[in-house]
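A.B. asks: Everything in the sequence shown is counted per our numbering, starting at 1274 for the first residue and increasing by one.
The structure's right below; bear with me while I get my questions together.
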Amino acid sequence: MSAPTVAPAPADPTSARPDRVVVVTGASAGVGRATAVAFAGPGVAVALLARGRAGLEGAAADVRARGGTPLVVPVDVADADAVEAAAERVESELGPIDVWVNNAMTTVFARSWDVSAEEIRRATEVTYLGTVHGTMAALRRMRPRDRGRVVNVGSALAFVAIPLQSAYCGAKFAARGYTQAVREELIAEGSAVEVSMVHLPGLNTPQFGWCRSELDRHPQPVPPIYQPEVAADVIVTVAATGERSRTVGSWNWLLIRAAMVLPGVVEHFAARTSIHDQQASFAPAENQPGNLFAPVDDERDHGARGRFDELTGGVANGEFVRGLPGTAANLVRAMAARGREVVVRRGRRRHVAGSSR
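This is the structure we're talking about:
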């Protein structure tokens, strides 16, 4: 008598590996939150790395609603060992990482002489070293497989610095240089792994309500202002194409190129406009602690968007229209002011040279 045939147990659908694994740092809010949601879909697992637990759970719910599989990984990207452990957990639970997006940031809104060395260090550790730590963890896994893509989130402020954001500008300039060096090393070894950078404009995200500020008025993004979903769509596109670099927003593209040709003019433009443009008409919340050293979304989920929806009107095909003519006029006025200054300085030098003969 033969033994009865035993039917195999049905496969557990939750144990199946996803078709694609994506890691997003700073995923609890803002651009990171919008990016995680933009990647999400059936067959896609999104590992959500950030500090704030309420924000992470909110992001997980958003990913799940889109049909994706979320994995919440609380981590401080300033800690290299913690980032490495997070990467190990992601691959253990989800499978090989296909895309890693480094987006986590924090900053201090203040004049450079009002920022402490400790604040500069912390902003740099999160915004710059967080990018380094994430890239290193991703490459340790992608290079041996000879596949994968890293997208580092930069900024127009990685090319054109502005007052009140010395900590952030310094970190983004550094991240741009680091990314370029890594890309060149991968090219030199003939690697198929690609490292890209997406440079963002002013965005309506919660960071302006929770980053540390020494300003009398509430900080706000510099116009033209975009919604975070615009940036997220570009990040997803660049991750798919492997494009080396993309700047979001035609105005920012123009300003970056103007700075290459006329750096003094652009500096005068930033000095004339940016201090005012970064401050809203209302005061900041009392006792606003900022998220520099501790998350502010542990108990409350802030979502992807900030409080400046009314300033992002006029978006068409990802472009901000309203207010742009006035901004361009300010640049022209800055060019004129810079031209007058150069003429005056040259006249003074000639006068001094003539007087010394």
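The beta carbon of each residue, even a glycine, is placed where N, CA and C say it ideally should be.
1) Taking the beta carbon of PRO1492 as the centre, do at least 16 other beta carbons fall within 10 Å, making it buried, or is it exposed?
2) By the three-class DSSP mapping on this structure, what secondary structure does HIS1541 have?
3) Quick one: what's got a C-beta closer than 6 Å to GLU1230's C-beta in the same chain, skipping five residues either side?
4) Using the Cβ count rule (16 or more neighbours within 10 Å means buried), how would you classify MET1378?
5) Taking Cβ to Cβ, would you say ALA1512 is nearer than 8 Å to GLY1303?
6) In the DSSP assignment, the beta strand (DSSP E) including ARG1337 goes from what residue to what residue?
7) For SER1428, does the three-state DSSP call read helix, strand or coil?
8) Using 8 Å as the threshold, is the C-beta distance between ASP1371 and VAL1294 below it?
9) Would you list, in sequence order, the uninterrupted alpha helix (DSSP H) runs of no fewer than 4 residues that lie entirely inside the region 1323–1409?
10) How should ASP1489 be labelled, buried or exposed, when 16 other C-beta atoms within 10 angstroms of its C-beta is the threshold for buried?
11) Between the C-alpha atoms of VAL1471 and ASP1506, what's the straight-line distance to the nearest angstrom?
12) For the ligand ZN, is there any heavy atom lying closer than 7 Å to the beta carbon of VAL1294?
13) On the DSSP bridge list, what partners appear for TYR1499?
14) Using 8 Å for Cβ pairs, my map puts PRO1343 next to ARG1414. What's the rounded Cβ distance?
15) How about the region 1358–1368 and the region 1332–1339: do they share at least three Cβ pairs that are nearer than 8 Å?
16) Could you have a look at GLU1467 and say whether DSSP puts it in helix, strand or coil?
17) Can the beta-carbon of ALA1487 be found less than 8 Å from the beta-carbon of ALA1383?
18) Would you mind sorting GLU1462 into buried or exposed? The rule is 16 or more other CB atoms within 10 Å of its CB.
19) Mark TRP1386 as exposed unless 16 or more other C-beta atoms lie within 10 angstroms of its C-beta, in which case mark it buried.
20) Please classify ARG1324: is it buried, with 16 or more other beta-carbons within 10 angstroms of its beta-carbon, or exposed?
21) Cα separation between ASP1292 and ALA1313?
22) Excluding the 5 residues preceding and the 5 following PHE1581 in the sequence, name in chain order all residues of the same chain whose CB lies nearer than 7 Å to its CB.
23) Would you kindly work out how many angstroms separate the C-alpha atoms of GLN1453 and MET1409, rounded to a whole number?
24) Nearest to THR1400 by alpha carbon, out of PRO1501, ALA1504 and ALA1440?
25) Classify HIS1406 as buried or exposed, calling it buried when 16 or more other Cβ atoms lie within 10 Å of its own Cβ.
26) Quick one: what's ALA1320 bridged to in DSSP?
27) Relative to the C-alpha of SER1518, which candidate in ALA1431, ARG1394, PHE1566 and PRO1496 has its C-alpha closest?
C.D. replies: In terms of the structure at hand:
1) Around the beta carbon of PRO1492, 16 or more other beta carbons lie within 10 angstroms, which makes this residue buried.
2) Look at HIS1541 here: in three-state DSSP terms it is helix.
3) What the structure shows of the chain is the stretch from 1274 to 1630, and residue 1230 is not part of that stretch, so it cannot be assessed.
4) So MET1378 ends up on the buried side.
5) Their beta carbons are not under 8 Å apart, which means ALA1512 does not touch GLY1303 by this criterion.
6) In the DSSP annotation of this structure, ARG1337 is not part of any beta strand (DSSP E); the continuous alpha helix (DSSP H) holding it starts and ends at 1326–1338.
7) Strand.
8) Result yes, Cβ atoms of ASP1371 and VAL1294 sit closer than 8 Å.
9) The alpha helix (DSSP H) runs lying completely inside the region 1323–1409 and spanning 4 residues or more are 1326–1338, 1353–1366 and 1390–1397, given in chain order.
10) Answer is exposed; the Cβ neighbour count stays below 16.
11) Linking VAL1471 to ASP1506 through their CA atoms gives a straight-line distance of about 11 Å.
12) Of the ligands one can find in the structure shown there are none, so the ligand ZN has no counterpart to examine.
13) Answer is LEU1476, bridged to TYR1499.
14) Incorrect: roughly 20 Å between the Cβ atoms, too far for contact.
15) No, the region 1358–1368 is not in contact with the region 1332–1339.
16) Looking at GLU1467 - three-state DSSP - the assignment turns out to be strand.
17) Per the sequence shown, the amino acid found at residue 1487 is Glu instead of Ala. Closer than 8 Å, so yes.
18) Label assigned to GLU1462: exposed.
19) By the neighbour-count definition (other C-beta atoms within 10 Å, threshold 16), TRP1386 is an exposed residue.
20) The residue in question, ARG1324, is buried, as its Cβ has 16 or more Cβ neighbours within 10 Å.
21) One C-alpha to the other measures close to 12 Å.
22) These residues qualify, in order along the chain: ASN1477, GLN1493, PRO1494 and ILE1498.
23) So the two alpha carbons sit approximately 14 Å from each other.
24) When each option's Cα is compared against that of THR1400, the closest is ALA1440.
25) With a threshold of 16 other beta carbon atoms within 10 Å, HIS1406 meets it and is buried.
26) Partner(s): VAL1296 and LEU1344.
27) Comparing Cα-Cα distances from SER1518 to each of ALA1431, ARG1394, PHE1566 and PRO1496, the minimum goes to ALA1431.
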